[in-house]
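Have a look at the structure below, then the notes.
Residue numbers (the numbering used here): 159 to 251.
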């Protein structure tokens with residue numbers, strides 16, 4: 159009985175490690191493909207907007223509380239994204 163529990167535990171751990179490795183490989187592959195399609199500049203802007211989107215989703219979907227510091231941080235991030243886009247427009251890119 160004890161041997162079966164140990165064996166099941168090892169199978170569980172190996173399955174979890176395999177799943178995490180698979181997710182990491184798929185994530186890196188998708189990111190690299192996305193960078194090759196839209197370019198590094200836009201990919202970094204998209205990655206920067208990930209945090210405000212995550213905070214908003216947790217607020218609406220999970221009912222998490224949002225503090226003033228989080229709102230201020232989101233505002234700073236969004237302003238920096240807008241400034242980067244505005245700079246690209248002025249340069250004619």
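Positions of the beta carbon are idealized from the N, C-alpha and C atoms, including for glycine. Computed from a predicted structure; not experimentally measured.
Identify which residue in the options has its Cα closest to the Cα of residue i.
{"i": "residue 237", "options": "203, 248, 219", "result": "203"}
{"i": "residue 232", "options": "186, 164, 215", "result": "215"}
{"i": "residue 245", "options": "221, 226, 199, 229", "result": "199"}
Nearest-angstrom Cα distance between residue i and residue j?
{"i": "residue 179", "j": "residue 223", "result": "33 Å"}
{"i": "residue 218", "j": "residue 240", "result": "24 Å"}
{"i": "residue 210", "j": "residue 175", "result": "30 Å"}
{"i": "residue 249", "j": "residue 243", "result": "10 Å"}
{"i": "residue 195", "j": "residue 188", "result": "11 Å"}
{"i": "residue 167", "j": "residue 177", "result": "15 Å"}
{"i": "residue 208", "j": "residue 173", "result": "29 Å"}
{"i": "residue 170", "j": "residue 162", "result": "12 Å"}
Just to confirm the assignment, what range does the alpha helix (DSSP H) spanning residue i have?
{"i": "residue 207", "result": "Looking at the DSSP string, residue 207 is not in any alpha helix (DSSP H), and its letter there is neither H nor E."}
Going by beta-carbon coordinates alone, are residue i and residue j separated by less than 8 Å?
{"i": "residue 212", "j": "residue 235", "result": "no"}
{"i": "residue 182", "j": "residue 193", "result": "no"}
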